[in-house]
Ligand SMILES: Nc1ncnc2c1ncn2[C@@H]1O[C@H](COP(=O)(O)OP(=O)(O)OP(=O)(O)O)[C@@H](O)[C@H]1O
Ligand SMILES: [Mg+2]
């Protein structure tokens with residue numbers, strides 16, 4: 220169950236970061252050993268071979284080397300298991316941090332619904348699972364070194380026994396045992412190193428997965444350029460499904476032309492597809508079939524940054540960063556002056572409440588704007604739109620959290636803002652839609668009526684019903 224109402228964070232990426240640290244650590248510790256150990260091993264091997272040819276009684280010790288290939292088998296088997304387990308452990312670690320992030324961003328919901336115990340249980344289970352996985356990784360990585368030592372002991376013991384029987388001189392035995400040890404020790408260390416590299420490569424694999432995740436929306440290789448934008452929006456036979464199958468279609472062959480400068484109200488029951496329709500314009504999603512055009516150009520032929528620079532979006536749940544109010548407002552247009560920012564805040568009826576804070580515009584709002592009321596957050600979001608002054612404006616329930624007094628003030632401000640702009644306005648309260656010159660009525664993914672308010676009211680029972688209900692209420 221997901222509690223956060225905003226779009227899901229780039230979780231795999233966040234998970235990838237902890238994996239990156241693991242890889243970095245492994246690389247630094249391993250780089251030295253990777254050079255030193257093989258040199259030591261080859262030198263010891265060279266000495267034993269040389270001595271076997273030159274020194275009397277030494278060839279027996281070549282037998283001690285025979286156990287080395289035996290070490291390869293456990294290295295391979297354990298390495299394979301270690302890789303599998305390390306991957307599972309990273310995945311479990313990712314799940315735990317995702318769960319933690321989810322809970323931290325939904326503290327209020329967890330408390331409000333009394334879900335503390337449930338979340339504690341879920342978290343404990345996650346931790347237990349992670350611990351179990353880590354223990355398996357430890358088991359496999361810890362077993363390699365003693366196993367190689369165990370095999371090596373057999374090699375040394377066998378060579379000693381044989382040299383005793385052959386009455387090899389003590390000095391030769393001593394030199395050869397030292398050489399054998401010099402050959403085994405790097406083997407043992409390399410076994411350990413292999414464990415680390417395996418764990419590192421399991422982490423790398425997960426990072427690769429994140430990096431290679433296909434980008435759902437990509438820029439065209441040869442983008443068209445938008446001139447001065449008039450703001451005409453056209454939908455040509457647009458169908459859209461969030462899922463992969465056509466049966467889940469949320470919009471069905473929607474065609475409509477919204478001339479530049481129109482204030483267009485999208486109305487209809489909840490779930491009818493209004494927000495989805497509006498989200499296709501800034502290309503938050505791509506149409507499954509058909510095309511969305513801005514000024515006659517398919518939005519897929521434009522660079523996303525270029526397209527979105529001409530669109531201001533105010534949604535129901537606008538995101539505020541844990542930063543000063545000023546910086547949050549500045550997101551509307553990076554580079555705006557202080558005076559411009561304040562003017563935008565005035566237009567959105569936000570200046571008064573911001574100035575009332577002891578630190579004014581420098582007040583830091585809590586994460587997700589938690590230190591502000593819903594209405595204050597919305598006014599900040601509206602101020603951003605004023606600052607952006609884009610030719611296309613999308614207001615999705617942008618004034619739903621305002622009391623009627625601030626709404627009336629904003630309504631007046633909006634009347635100024637919408638002049639000369641193409642506006643898509645979604646609101647459940649019809650009072651906010653008064654200034655629309657085009658009404659589109661949505662029902663189950665289709666536009667069932669369109670035209671000016673009076674005309675639609677006469678022709679469409681659904682719209683009439685929704686409208687009358689509010690007049691009575
Ligand atoms: N991100 C999503 N993933 C999957 N399905 C979605 C997603 N967003 C919306 N839907 C589904 O698409 C349909 C249309 O949703 P949409 O948000 O466009 O409705 P709406 O008309 O804006 O409703 P409301 O007035 O309640 O905001 C709904 O059935 C909804 O369940
Ligand atoms: Mg909606």
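Numbering (our numbering), first residue to last: 220 to 692. We put the CB at the ideal spot given by N, CA and C, even for glycine.
Residue i versus residue j: straight-line alpha-carbon distance, rounded
i	j	result
residue 312	residue 347	11 Å
residue 371	residue 284	9 Å
residue 225	residue 594	Residue confidence for residue 225 is low, a pLDDT of 38 falling below 50, so the modelled location carries little weight and cannot support an answer.
residue 644	residue 560	24 Å
residue 411	residue 357	11 Å
residue 274	residue 250	36 Å
residue 684	residue 468	26 Å
residue 580	residue 478	38 Å
residue 604	residue 449	17 Å
residue 447	residue 543	33 Å
residue 516	residue 532	20 Å
residue 537	residue 453	26 Å
residue 640	residue 529	11 Å
residue 431	residue 502	22 Å
residue 222	residue 333	Note that residue 222 scores 35 on pLDDT, short of 50, meaning its location in the model is unreliable; the coordinates nonetheless yield the value given after this. Going from the Cα of residue 222 to the Cα of residue 333 covers about 13 Å.
residue 227	residue 258	For residue 227, the predicted model reports a pLDDT of 40, less than 50, meaning its position is unreliable and no value from the coordinates is stated.
residue 424	residue 316	18 Å
residue 578	residue 329	31 Å
residue 230	residue 547	Note that residue 230 scores 49 on pLDDT, short of 50, meaning its location in the model is unreliable and no value can be drawn from it.
residue 646	residue 322	31 Å
residue 422	residue 373	35 Å
residue 386	residue 291	32 Å
residue 506	residue 458	6 Å
residue 686	residue 615	18 Å
residue 473	residue 659	11 Å
residue 545	residue 590	15 Å
residue 390	residue 272	16 Å
residue 220	residue 565	Per-residue confidence for residue 220 stands at a pLDDT of 35, beneath the threshold of 50, marking its modelled position as unreliable; the derived number appears in the next sentence. Taking the straight line from one Cα to the other gives about 40 Å.
residue 314	residue 427	18 Å
residue 584	residue 551	17 Å
residue 521	residue 433	19 Å
residue 331	residue 495	29 Å
CB-CB length for residue i against residue j, believed under 8 Å
i	j	result
residue 613	residue 510	With 8 Å as the limit, residue 613 and residue 510 do not qualify as a contact, their Cβ atoms being about 18 Å apart.
residue 308	residue 336	That belief does not hold up - the Cβ atoms of residue 308 and residue 336 are roughly 27 Å apart, past 8 Å.
residue 629	residue 575	Contact doesn't hold; Cβ gap of about 18 Å is too wide.
residue 671	residue 656	6 Å
residue 463	residue 661	Between residue 661 and residue 463 the Cβ distance is about 23 Å, and since that is not below 8 Å, they are no contact.
residue 682	residue 668	6 Å
residue 602	residue 569	5 Å
Any non-hydrogen atom of ligand 1 within 7 Å of residue i CB
i	result
residue 495	yes
residue 543	no
residue 302	no
residue 461	yes
residue 469	yes
residue 492	yes
residue 684	no
residue 437	no
residue 458	no
residue 310	no
residue 489	yes
Nearest to residue i (by Cα), restricted to the options the options
i	options	result
residue 429	310, 403 and 472	310
residue 269	394, 678 and 552	394
residue 621	599, 638, 607 and 604	599
residue 253	279, 413 and 384	413
residue 417	515, 466, 359 and 649	359
residue 508	608, 419, 471 and 553	471
residue 627	672, 648 and 641	648
residue 302	367, 409, 342 and 419	419
residue 666	279, 636, 524 and 455	455
residue 460	663, 367, 682 and 539	663
residue 534	654, 444, 619 and 573	619
residue 319	305, 611 and 340	340
residue 607	554, 522, 366 and 653	554
residue 480	678, 634 and 271	634
residue 361	409, 390, 397 and 345	409
residue 539	596, 367, 255 and 466	596
Proximity test, residue i beta-carbon vs ligand 2 heavy atom, cut-off 7 Å
i	result
residue 536	no
residue 662	no
residue 645	yes
residue 615	yes
Any chain B beta carbon closer than 8 Å to residue i
i	result
residue 480	In the displayed structure, chain B is absent; only one protein chain is listed.
(message) Within 8 Å, do at least three Cβ pairs link the region 377 to 391 to the region 272 to 287?
(response) Using a C-beta cut-off of 8 Å, the region 272 to 287 makes contact with the region 377 to 391, since at least three inter-stretch Cβ pairs fall below that distance.
(message) Can you confirm whether the region 400 to 410 touches the region 259 to 267 when touching is taken to mean that 3 or more C-beta pairs between the two stretches lie within less than 8 Å?
(response) Between the region 259 to 267 and the region 400 to 410 there are three or more inter-stretch CB-CB distances shorter than 8 Å, so the stretches are counted as touching.
(request) Spell out a yes or no on whether the region 434 to 441 and the region 284 to 304 are touching, meaning 3 or more CB-CB pairs, one atom from each, closer than 8 Å. (result) By the Cβ criterion, the region 434 to 441 is not in contact with the region 284 to 304, since fewer than three pairs of Cβ atoms, one from each stretch, lie closer than 8 Å.
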